[in-house]
Each structure stands twice: as C-alpha cells, then as structure tokens.
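Working notes, beginning with the structure itself.
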Amino acid sequence: MKPGISVSVAGVVSALFAFIAVFLAAGGPARADAVADFYKAKKQVVLIISSDVGGGYDRYARTMARKLGSHIPGNPSILPKNQPGAGGIRATNALYNQSPKDGSTIGLIQATVLFEPLLGNKQAQFDVMKINWLGSTNAEVAMTVVWHASPIKSIDDLRRIEAPVGATGAASTPAFYGRLQNALLGTKMRMITGYKSQTTAFHAMEQGEIMGFPSAF
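For the sequence shown, my numbering gives the first residue as 175, with consecutive numbering after it.
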C-alpha cells in the first residue's frame, strides 16, 4: 500500500482482475498443425491493452506478453498496443468491430467492460455473446482508498460526505465499483473521470484534486 493512503472500505465484489478476449471466425476445430502453420505465417499476435501505459493493466499485459507466444502453436511474438479511452470501451469496440476475427488479435480489457451493453451503455458497440474469454491474468480484491489528509476515515464518513473520487472513464472498473458501492452501501462518492490511469489518479489524490480512488489493486 502506498504511504499516505488509508483503506476506507473493501471492494464489494472480488472480481477477476482482467480477462483476455479474442474473436474467432466461425467453423469447426482446426488441426494442431494447421494452427501452428497459421501463427508461423502471421509471426505476430497483436495484444490490445485497454488502459494507458504505466497502469496496472498495462503492466499485467506486458508481463504476460513476454511468455504468451511460447504457449501458442507456431510461437508467434506478442505485440502489445495500448488503446485507452472510455474506461476500456474504446479498446473493446475496436477489437470487436475493426480487428481480424481469426485469432491474430486478442485483448486485455477491464473486467467490468463486458457488463456495459447489459447496463444499457450505448457507447458499448459489441455483442458480449460473441466474445470468447481465454483466461485471467490474476484475481484481486479491489479496495476503495482515500488520502490520509481527507476527512474520510470510515465507511460512515463516505455515507455522510460527498467525496470526489477518481476514475479513468465512465465505464472503467473504478467507476463501476464506485457506482456499486453507492447503490449498495449508501456512500456518496462522486466520480471524477478522465484520468489516464490509476497512477495519474493517485497523483491527483496526492495533490488534493480528489479524495480517493474506488478500485485500487
């Protein structure tokens, strides 16, 4: 935990930290040697990362990218590409609507993004039933944290005081957790969106721009 940050309340949901999504062309199962030939010819798999450089998701994705190719038939290299925006929706939209659907492009996106179409978010231009989940890099318990100089010292304080808290986009994991806690626990967190990453939001918290962050890992 970073010096000067106190934990206010544990995240309501212990969710998968992130998942890898891939869009595959329809058809029957391919033979192993055909898959290897495909990836040998491609030589490279693009890994879309839905957060900015330097954030937690970026570090997870780039760490995984170093080893993932050795577990794919044909051993392609993995090329990470950051595509932040709208809390992960921009990357997911691009993955779904623009990327080839042949297994040559995969993505690491925020764990809550695929709920957005179900919540009626019209920015989410993808069909969750056509996204294949490959696996999770980790499982974490998210925490709401507040800066030590803020008046928030307990969950009761969060119920009394309208506290500005940071998030990347309106559909980002922090915003999702913040809305969930407000609805279930009666807290009064006010989302300030637009931060590039958790790192920039933490810097804003140190500067007194916001009081906390609703989904720190």
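For glycine and all other residues, C-beta sits at the position ideal for the given N, C-alpha and C.
Note that the structure is a prediction, hence the values are computed from the model and not measured.
L282 sits in a strand when the DSSP states are folded into three classes. Distance from the CA of T374 to the CA of D226, rounded to the nearest whole angstrom, comes to 10 Å. Taking 3 residues as the shortest admissible run, the region 201 to 234 contains the following complete beta strand (DSSP E) segments, listed from N- to C-terminal end: 218 to 223. A residue is called buried when at least 16 other Cβ atoms come within 10 angstroms of its Cβ; L308 does not meet this threshold and is exposed. A direct Cα-to-Cα measurement between T318 and S389 gives close to 5 Å.
Under the three-state reduction of DSSP output, M385 falls in the coil class, being neither helix nor strand. The region 251 to 264 and the region 295 to 305 touch, with no fewer than 3 CB-CB distances between them shorter than 8 Å. Rounded to whole angstroms, the gap between the alpha carbons of A344 and T367 is 6 Å. Per the coordinates, the alpha-carbon of M238 lies some 24 Å from the alpha-carbon of A208.
DSSP, read as helix, strand or coil, puts P274 in coil. Beyond the five residues adjoining it in sequence on each side, R236 comes within less than 7 Å, by CB distance, of P254 in the same chain, given in chain order. In the DSSP assignment, the residues bridged to R364 are P338. Nearest Cα to G248 within the set G277, G259, I305: G277.
By alpha-carbon distance to S244, the top candidate from A341, A313, Y213 is Y213. Taking a C-beta distance under 8 Å as the contact criterion, S224 and Q284 qualify as a contact pair.
D330 counts as exposed, since fewer than 16 other beta carbons sit within 10 angstroms of its beta carbon. Checking the DSSP bridge columns, you'll see L253 partnered with V220. Annotation for L293: no alpha helix (DSSP H) segment contains it, and DSSP assigns it neither H nor E.
Secondary structure note for H377: its alpha helix (DSSP H) is the uninterrupted segment 372 to 380.
Comparing alpha carbon positions, the residue from N356, A215, P250, N256 closest to Y234 is N256.
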